[in-house]
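Trainee: My structure is below; once you've seen it, I'll send some questions.
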Amino acid sequence: MGQDLRSPRGPRCIALVGPFQSGKTTLLEAILARTGAIPRAGSVDAGTSVGDASPEARQHKMSVAMTAATTTFMGDSYTFLDCPGSIEFIHDMRAALPAVDAAIVVCEADEKKLPQLQIILRELEELRIPRFLFLNKIDRANTRVRETLATLQPASRVPLVLRQIPIWNGELIEGFVDLALERAFIYREHKASEVIALEGGDLDREKEARFSMLEKLADHDDSLMEQLLEDIPPPRDAVFDDLARELREGLICPVLLGSALRENGVLRLMKALRHEAPGIADTARRLGVKDTKEALGYVFKTLHLQHGGKLSLTRVLSGHLDDGATLHAASGEAARVSGILAATGAYDSKRAGAEAGDTVALGKLDAVKTGDTVATGKTAPPPLAKVEACPPVLALSIAAVDRKDDVKLGQALQRLHEEDPSLTMVQNPRTHDTVLWGQGEMHLRVALERLRDRFGVNVKSHQPAIGYQETIRKPITQRGRHKKQSGGHGQFGDVVLDIKPLPRGEGFRFAEKVVGGAVPRNYIPAVEEGVVDAMARGPLGFPVIDVEVTLTDGSYHSVDSSDLAFRTAARAGVSEGLPQCAPVLLEPIHTVEIVCPTEATARINAILSARRGQILSFDTRDGWPGWDCVRAMMPEAEIGELIVELRSATAGAGSFTRTFDHMAEVTGRAADHIIASHRDAA
């Protein structure tokens with residue numbers, strides 16, 4: 013243990029993560045206030061916090077985007093990334109995590125939030141990011157810490173190691189004992205804690221809890237195990253070294269206590285970060301950064317400021333970066349840095365350059381996007397991380413209220429997607445609607461608010477069109493004739509068409525069996541075009557599929573026939589023939605796969621049944637204790653707002669994916685209602 017694992021590690025980048033409303037933004041305020049970055053902590057409720065500064069966050073009193081803030085503590089620089097806790101905005105956290113040295117997981121003694129905590133811890137575990145757990149709102153605790161730890165442990169695949177125990181005064185917690193330091197502290201609101209003597213029952217509890225902590229550390233340290241077996245007190249420095257090493261190797265997750273609102277426990281948390289969290293060298297090794305003198309960075313967030321243009325929040329992983337340097341992205345694109353800004357507040361504090369470990373905002377990198385690896389070398393660097401957006405679960409069709417804003421809307425949507433790649437736009441080729449896809453109801457609502465408030469585009473929205481289609485049940489032979497005489501050359505086209513149904517899923521086929529030149533060969537492509545025209549809208553009002561149309565006969569005029577005439581004749585023949593073929597409505601059926609906490613499975617099954625879902629199977633979710641996976645077939649029309657019910661039934665933790673499976677017939681009143689609604693909307 014010759015290496016000093018507690019030495020400062022240069023500028024750090026720390027993620028604040030945790031379940032929705034666990035107090036992450038309040039903890040950021042407390043850290044900034046206790047380290048002197050701000051005069052006093054702001055309030056989320058009062059709308060005065062450094063984090064959640066956007067109008068949307070202030071209005072909804074919740075984090076809807078990641079916030080970066082930089083401060084110093086005992087001579088070291090720290091940039092904290094306050095990540096939203098709602099699963100709807102989790103992409104910001106997922107994109108930022110590769111860049112951080114460590115994470116503080118903020119949670120509370122609330123069993124309902126255990127699934128959300130498990131989702132977050134799993135992300136950290138998969139990326140091998142060292143993490144502390146900060147048990148917040150300890151002043152409101154009504155259960156013993158050991159009981160709380162036993163409740164939280166199933167969310168973590170590594171042991172949660174208690175670093176502190178509370179000092180109780182009746183039913184209230186008035187301080188804590190640091191098990192590594194073996195010191196007792198009394199909380200003082202908005203001030204540093206006061207050291208007190210460790211005696212009586214608190215001393216007995218400390219010895220028992222410290223031994224439990226050392227036992228867990230000894231699982232990965234043979235010499236410590238021998239000392240415990242021989243009842244030899246281990247050196248305090250050795251204990252700290254073990255805590256630091258096992259944290260960095262992902263073997264444990266230390267647990268600290270506090271109250272962010274009262275700023276209790278904040279300085280002990282900062283000291284744990286300073287002495288035990290890894291630095292930029294460890295993070296670069298974790299990401300596979302090779303030793304190089306060139307500047308290399310990872311872009312984890314894109315911002316579009318109203319007056320500052322595009323900014324790329326970047327963690328510099330190696331080298332020195334100067335303003336004006338040309339950066340090459342892993343995608344092959346190149347861009348020139350136009351301004352290096354401190355990653356905090358209004359992004360108005362300029363810097364001359366950035367060193368390895370710094371977290372900065374780089375200006376005007378138009379060709380660079382979130383998730384890119386950038387470097388000053390002459391060649392494109394290999395990508396260090398790949399963060400895929402979660403599949404979207406909810407959609408809205410949107411359009412500008414004023415048609416003259418259509419171009420402006422398109423540009424604004426592109427910028428929103430750059431800022432948040434989990435927000436996607438798709439053009440519906442049939443309805444020509446712009447469909448906005450997101451991660452949930454609040455995600456889409458915030459997107460519309462940003463379009464209005466930041467980009468000045470008012471939009472109207474409605475539910476996206478369902479992909480209904482129609483087919484036929486019986487065959488028919490139909491003649492299509494187009495004749496028009498109006499001075500000079502007329503128009504003449506005459507076709508005989510066999511129209512018949514195909515097996516489900518076969519699509520559309522066109523064939524011809526013309527003999528004797530009844531329809532000249534050069535007009536047959538025009539006949540096919542006319543058939544395709546007619547199939548775009550059948551007698552029920554929807555595209556027609558699973559039909560074969562065969563041209564069998566016809567006639568032509570040597571002067572008046574033309575491509576247009578035969579196309580028109582074919583279109584008329586199909587349009588007149590389809591209503592006689594027993595048309596039937598088809599609706600798209602999707603395979604839906606839902607993941608949810610086990611205690612919510614019964615509610616999920618009921619929701620699926622109420623939405624005409626056919627449950628195929630449900631099983632335990634592989635690798636996720638306490639979770640189930642439910643598979644079902646469900647009509648597309650019933651999936652629309654499924655996520656709203658699903659999140660309500662799972663305390664915001666459940667989600668689903670879907671894939672198109674087949675088209676199924678809709679008959680009776682349901683079909684009549686769909687057809688009538690479609691005609692009314694047309």
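The numbers in our numbering rise by one with no breaks, and the one at position 336 of the sequence shown is 348.
Backbone N, C-alpha and C fix where the C-beta goes; we use that ideal spot for every residue, glycine too.
Since the model is a prediction, treat every value here as computed from it, not as a measurement.
Between the alpha carbons of Asp16 and Asp254, how many angstroms are there, rounded?
Mentor: Confidence at Asp16 is low in this model, with a pLDDT of 39, below 50, so the placement of that residue should be treated as unreliable; the coordinate-derived value is given next. Each residue's Cα considered, the two are about 11 angstroms apart.
Trainee: Quick one: what does DSSP say Val61 is sitting in, helix, strand or coil?
Mentor: Position check: residue 61 holds Ser in this sequence, whereas Val was assumed. The answer is coil: DSSP assigns Ser61 none of H, G, I, E or B.
Trainee: Could you check the C-alpha separation between Pro31 and Ile99 for me, to the nearest Å?
Mentor: The straight-line gap from Cα to Cα measures roughly 8 angstroms.
Trainee: Of the residues Gly54, Leu241, Leu28, which one's Cα is nearest the Cα of Pro142?
Mentor: It is Leu28.
Trainee: Please identify the residue among Pro637, Ala581, Ile616 whose C-alpha is closest to the C-alpha of Ser629.
Mentor: The shortest C-alpha separation from Ser629 is found at Ile616.
Trainee: In whole angstroms, what separates the C-alpha of Ala661 from that of Met646?
Mentor: If you take the alpha carbons of Ala661 and Met646, they lie about 18 angstroms apart.
Trainee: Among Gly365, Glu41, Arg70, Pro51, which has the Cα closest to the Cα of Val62?
Mentor: Nearest option by C-alpha distance: Glu41.
Trainee: Judging by CA-CA distance, which residue of Lys149, Gln592, Gln451 is the nearest neighbour of Glu275?
Mentor: If we check each option's Cα against that of Glu275, Lys149 comes out closest.
Trainee: What three-state label does DSSP hand Phe578 in the structure shown?
Mentor: Looking at Phe578 - three-state DSSP - the assignment turns out to be helix.
Trainee: Taking C-alpha atoms, which residue in Asn534, Thr483, Gly529, Ala581 lies nearest to Glu560?
Mentor: That would be Thr483, whose Cα lies nearest to the Cα of Glu560.
Trainee: Mind checking who Ser89 pairs with in its DSSP beta bridge?
Mentor: BP columns for Ser89 point to Thr84.
Trainee: Determine the extent of the beta strand (DSSP E) in which Ser330 is found, giving its start and end residues.
Mentor: Here the beta strand (DSSP E) through Ser330 covers 321–330.
Trainee: By the DSSP assignment, the alpha helix (DSSP H) with Gly422 in it spans what residues?
Mentor: Per DSSP, Gly422 belongs to the alpha helix (DSSP H) from 418–431.
Trainee: Nearest to Lys362 by CA position, among Asp335, Pro171, His340, is which residue?
Mentor: For the residues Asp335, Pro171, His340, the minimum Cα distance to Lys362 belongs to Asp335.
Trainee: Judging by CA-CA distance, which residue of His602, Gln626, Pro551, Ala296 is the nearest neighbour of Thr671?
Mentor: Closest by alpha carbon: His602.
Trainee: Taking the Cβ atom as the reference point for each residue, do Asn470 and Val413 lie within a distance shorter than 8 angstroms?
Mentor: A contact, by the Cβ cut-off of 8 angstroms.
Trainee: I need the DSSP call for Asn534, collapsed to helix, strand or coil.
Mentor: Asn534 falls in the helix class under three-state DSSP.
Trainee: Alpha carbon to alpha carbon, what distance is there between Ser168 and Gln426?
Mentor: Gln426 and Ser168: Cα-Cα distance of roughly 38 angstroms.
Trainee: Is the region 434–446 touching the region 370–387 in the sense that three or more CB pairs, one from each, lie closer than 8 angstroms?
Mentor: As far as the Cβ criterion goes, the region 370–387 does not touch the region 434–446, which means the pair count is below three.
Trainee: Comparing alpha-carbon positions, which option in Pro637, Tyr480, Pro476 lies nearest Glu653?
Mentor: For Glu653, the nearest C-alpha among the options comes from Pro476.
Trainee: If you draw a straight line from the alpha carbon of Glu518 to that of Leu563, how long is it in whole angstroms?
Mentor: Cα to Cα, Glu518 sits roughly 19 angstroms from Leu563.
Trainee: Could you tell me which uninterrupted alpha helix (DSSP H) segments, each at least 4 residues in length, are contained entirely in the region 450–486, listed from first to last along the chain?
Mentor: Runs found: 453–465.
Trainee: According to DSSP, Met646 sits in a beta bridge with which residue or residues?
Mentor: DSSP output for Met646 lists His602 as bridge partner(s).
Trainee: Grab me the residues of Arg659's own chain with a C-beta within less than 7 angstroms of its C-beta, minus the 5 sequence neighbours each way, in chain order.
Mentor: Cβ neighbours of Arg659 beyond the five flanking positions: Gly452, Gly666.
Trainee: Which runs of the beta strand (DSSP E), 3 residues or longer, sit entirely within the region 141–222?
Mentor: The qualifying runs are 143–147, 172–174, 176–181, 184–190, 195–200, 203–208.
Trainee: Near Ser94, which residues of its chain fall below 6 angstroms by C-beta distance, leaving aside the five closest residues on each side in sequence?
Mentor: The amino acid occupying residue 94 in the given sequence is Asp; Ser does not appear at that position. Within the same chain, Asp94 has close Cβ partners Leu28, Lys36, Thr37, Leu40, Gly63, Thr79.
Trainee: Is the region 268–282 close to the region 187–199, with three or more CB pairs under 8 angstroms?
Mentor: As far as the Cβ criterion goes, the region 268–282 touches the region 187–199, which means the pair count is three or higher.
Trainee: For a test of the three-state rule: what should DSSP assign to Gln497, helix, strand or coil?
Mentor: Coil.
Trainee: Taking the alpha-carbon of Pro395 as reference, which of Ala341, Thr155, Val419, Thr446 has the nearest alpha-carbon?
Mentor: Ranking the options by Cα distance to Pro395, first place goes to Ala341.
Trainee: Closer than 8 angstroms, CB to CB, is Lys512 near chain B or not?
Mentor: In the structure shown, chain B does not exist; there is a single protein chain.
Trainee: Please classify Ser235: is it buried, with 16 or more other beta-carbons within 10 angstroms of its beta-carbon, or exposed?
Mentor: Its Cβ having fewer than 16 others within 10 Å, Ser235 is exposed.
Trainee: Would you please state the rounded distance, in angstroms, between the beta carbons of Leu172 and Leu129? I believe it to be under 8 angstroms.
Mentor: Going by Cβ atoms, the distance from Leu172 to Leu129 rounds to 11 angstroms, so no, they are not a contact pair.
Trainee: How is Cys402 classed by DSSP in three states: helix, strand or coil?
Mentor: The answer is coil: DSSP assigns Cys402 none of H, G, I, E or B.
Trainee: Can you tell me whether Gly234 is helix, strand or coil according to DSSP?
Mentor: A small fix is needed here, since residue 234 is Asp in this sequence, not Gly. Here Asp234 sits in helix by DSSP.
Trainee: In or out: Val678 buried (at least 16 other Cβ within 10 Å) or exposed?
Mentor: It counts as buried.
Trainee: What span of residues does the alpha helix (DSSP H) with Lys283 cover, start to end?
Mentor: Start and end: 278–288.
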